[in-house]
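Residue numbers (the working numbering), protein chains in the order written: chain B, 3 to 479; chain Z, 1308 to 1399.
Cβ atoms here follow ideal geometry from the backbone N, Cα and C, with glycine treated the same way.
Presented below is the structure to which this report refers.
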Amino acid sequence: MTLPDGLVAFVKRDCPTCALVEPVLGELADAGILNAVYTQDDPTFPRGIAALHDDTGLEASWRNGIETVPTILRVEEGREADRIVGWSREQWTAFTSVADLGAGLPEHRPGCGSLSADPDRAAGLEAQYGDGFASRRVEFASAEDPMEAMHDRGWSDGLPLVEPTTERVARMLRGTARDRQDVVAIVPPNLVECTVEKVAVNAVMAGCKPEYLPVVLAAVATACTDAFNMHGLLCTTMSVGPVVLVNGPIRNAIGMNSGVNVLGQGNRANSTIGRALQLVVRNVGGGEPGGIDRSTLGNPGKVGFCFAEDEEGSPWPSFSQSRGFGPRASTVTLFPGESPRIVVDQVSRTPEALAASLGSALIGTNHPRLVMATDAMLVISPEHASRFAAAGWSKERTVSRILEATCQPAEGLWGIAGEGDGAAGDAGPGGVAKFRPDGLHVVHAGGRAGLFSAVIGGWVAGDKGSHTVTKEVSPWA
Amino acid sequence: MGVTVLDPTAELVVSRRERNARLETLEGMTIGLLDISKPRGNVFLDRIQELLERDGVRVLRFVKPTFAKPAPVDLRHEIATQCHAVIEALAD
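Below you can see the structure in the form of structure tokens.
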């Protein structure tokens, strides 16, 4: 769509300023200065203009980035050279070189919002007139139920999906400033380049809102690092999946839950971000249960497992701060985890007793005799954390004492390679610790009441399996 | 007209390749044994090597750095160029 050279106006009848300047537009058209007028809502407005274009479909307005009406463009050789918006006698006079324009009108009136910038319509216009999506369009037959059609194509994890229409995907993409064809990650197991657009399509299906997209993009990128090793996590027979922990200001900006029922249902961001990641692995990477996903038992968190740390209520620096990020940084951390298992301790009154108690509970992850094989995440509830805080224990001291409490006599312990594989050789004076020195990840979250914490067991830790990886979320990039 | 959606998949087109023909004889062949680094996989492969060598087969041993990641490209290339066939040990 090419605009004629000269001056071109964009207006809508519903705008009082456009109505105000209607005679001025006529005057400019009569003088042969105004070469076209595009009208957004009423094809008969403004009156008396020969070169009046019906733009009720808003294509010209959208393509020319019109945000305000009236807007006048100066077009030279088919391209915009300059523009003015609203009514200002001084500006219009300078722009048109016609003196005494709009006699009797006020000196200045601001314009109104362009219909093409209306938040309710912008995503639809983007879908309709945008550069287009690289993804193939799939049209369901009129008699097909889209929900059933999506399941039949194998796109679902077993739960209902939101239909990824072009309009919804365009709206999702407004959650990021990144180009939709940017490659976010190489997704296993098929090692496919995954674009921002494909992440957005799956995020729509998972039920995400556009403002979650930066977190989903960061989660996908982090999961697909060599260090996190999503491939191994997917294909292992163990019952693990990607656990996404979110830290920093974006938690609250997108309304995540870090309090009551933090590891449960009921919060849209918590419930859909982890699911979006798993749908990307399934649909883009090709990782399906029974295919490359060989998990013997699986766990309910493999539908999607995402939660936020309660930083505001924590006595300690946040999890991401303990990993070297600043307090204003928003991050995602990917941990290769099982289902949470709750530790009930309503008895311990001192920090020493509670550290010993949590340590003894952690010994049971995977198997009490299996040591130095996996990492673990310990989600400490506010009431449990307050036991340590009241005694002035730092997070480092707390973690160190819990780790000490996981030590067992070397005899009879297993390493990842089985009995007698040398794990016992790492015994310190107190015995063999359950985890590597940096293998216990402590996070503060949960409801205010309840002397419970949660253990999330891991799988093969380190270079042979997965590292826990934290990356910064770029909010709108 | 029905609902139109965007394809959430990688839209891969599957290409089919013929498998290499099975070896008709082991005589004069070089067989690769790939240990994927699962515990005790080497025990299994040691025995296979013993049996193959008894039949006069030349055996080359390879090890993946970890069972949890795909074999590195270089390793796959090495096996493909040096061996007529490969046996991979998956078991714990």
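Can you check whether the CB of isoleucine 68 of chain B is closer than 8 Å to the CB of threonine 142 of chain B? Looking at the sequence provided, one finds phenylalanine at residue 142 of chain B rather than threonine. Their beta carbons are not under 8 Å apart, which means phenylalanine 142 of chain B does not touch isoleucine 68 of chain B by this criterion.
May I have the straight-line CA-CA distance separating threonine 1369 of chain Z from valine 1380 of chain Z, to the nearest angstrom? In the sequence as presented, threonine is not what sits at residue 1369 of chain Z; that position holds phenylalanine. If I take the Cα positions, the gap works out to 13 Å.
Mapping the DSSP letters down to three states, classify asparagine 249 of chain B as helix, strand or coil. strand
Member of B/Ser476, B/Arg139, B/Lys14 and B/Arg155 whose CA lies at the smallest distance from the CA of valine 334 of chain B: B/Ser476
If I'm right that isoleucine 382 of chain B touches valine 245 of chain B with Cβ under 8 Å, what's the distance once you round it to whole angstroms? Not quite, the Cβ-Cβ distance comes to about 16 Å (not below 8 Å), so this is no contact.
Within 8 Å of any Cβ in chain Z, is that where the Cβ of serine 144 of chain B sits? yes
Find out if the Cβ-Cβ distance for the pair alanine 208 of chain B, arginine 277 of chain B is shorter than 8 Å. yes
Closest to aspartate 465 of chain B by C-alpha separation, out of B/Ala456, B/Arg389, B/Ala375 and B/Ile404, would be which residue? B/Ala375
Would methionine 174 of chain B pass as a contact of alanine 205 of chain B if the rule is Cβ separation under 8 Å? yes
Are glutamate 199 of chain B and glutamine 183 of chain B touching if we call contact CB-CB under 8 Å? yes
For glutamate 1318 of chain Z, decide whether its Cβ has a neighbour in chain B, counting only Cβ atoms nearer than 8 Å. yes
Under 8 Å between beta-carbons, which chain Z residues line up against threonine 167 of chain B? List them in chain order, please. Val1310, Thr1311, Val1312 and Leu1313
Indicate whether at least one CB of chain Z lies closer than 8 Å to the CB of glutamate 128 of chain B. no
Suppose you measure from the CA of glycine 417 of chain B to the CA of lysine 436 of chain B; what does that come to, to the nearest Å? 10 Å
Kindly list the residues whose CB is nearer than 6 Å to the CB of valine 171 of chain B, restricted to its own chain and excluding five residues on each side of it in sequence; keep chain order. Ala202, Val203 and Val206
By the three-class DSSP mapping on this structure, what secondary structure does valine 140 of chain B have? strand
Extent of the continuous alpha helix (DSSP H) to which isoleucine 1355 of chain Z belongs: 1348-1361
Where does the unbroken beta strand (DSSP E) through glycine 460 of chain B begin, and where does it stop? 454-462
Under a three-way DSSP split, which group does cysteine 409 of chain B fall into? coil
Cβ-based contacts, 8 Å cut-off: residues of the stretch 1380-1392 of chain Z near chain B: none
Assuming the contact rule is C-beta atoms closer than 8 Å, threonine 178 of chain B and proline 216 of chain B should be a hit. Round their C-beta distance to whole Å, please. 6 Å
Segments of 4+ residues assigned as alpha helix (DSSP H) that fall wholly inside the stretch 158-203 of chain B: 168-175
As assigned by DSSP and simplified to three states, the class of lysine 473 of chain B: strand
Which chain B residues are close to threonine 1337 of chain Z, counting only those with a beta carbon under 7 Å from its beta carbon? Ordered by position in chain B, no residue passes the 7 Å Cβ test against threonine 1337 of chain Z, which lies about 29 Å from the chain.
Excluding the 5 residues flanking aspartate 181 of chain B on each side, which residues of the same chain have their C-beta closer than 8 Å to its C-beta? Val198
Count the other CB atoms, across all protein chains shown, that sit within 10 Å of the CB of isoleucine 344 of chain B; report buried if there are 16 or more and exposed otherwise. exposed
Within 8 Å (strictly less), CB to CB, does threonine 376 of chain B reach chain Z? no
What does DSSP give as the partner residue(s) for isoleucine 294 of chain B in the beta ladder? Partner(s): none; isoleucine 294 of chain B has no beta bridge.
Examine chain Z for any beta-carbon lying closer than 8 Å to the beta-carbon of arginine 139 of chain B, and answer yes or no. yes
Under the rule that 16 or more other beta-carbon atoms within 10 Å means buried, what is proline 121 of chain B, buried or exposed? exposed
Which chain Z residues are close to threonine 298 of chain B, counting only those with a beta carbon under 7 Å from its beta carbon? Neighbours of threonine 298 of chain B on chain Z: none; closest Cβ ~12 Å, over 7 Å.
Thinking C-alpha only, which one of B/Leu127, B/Gly8, B/Asp32 and B/Glu24 is nearest leucine 64 of chain B? Contrary to the premise, residue 64 of chain B reads as tryptophan rather than leucine in this sequence. Selected option, being the one with the closest Cα: B/Leu127.
Within 10 angstroms of its Cβ, does glutamine 1389 of chain Z collect 16 or more other Cβ (buried), or is it exposed? exposed
Taking buried to mean at least 16 other C-beta atoms within 10 Å of its own C-beta, is asparagine 269 of chain B buried or exposed? buried
What is the DSSP secondary structure of methionine 152 of chain B, counted as helix, strand or coil? helix
DSSP state of methionine 379 of chain B, grouped into three classes? strand
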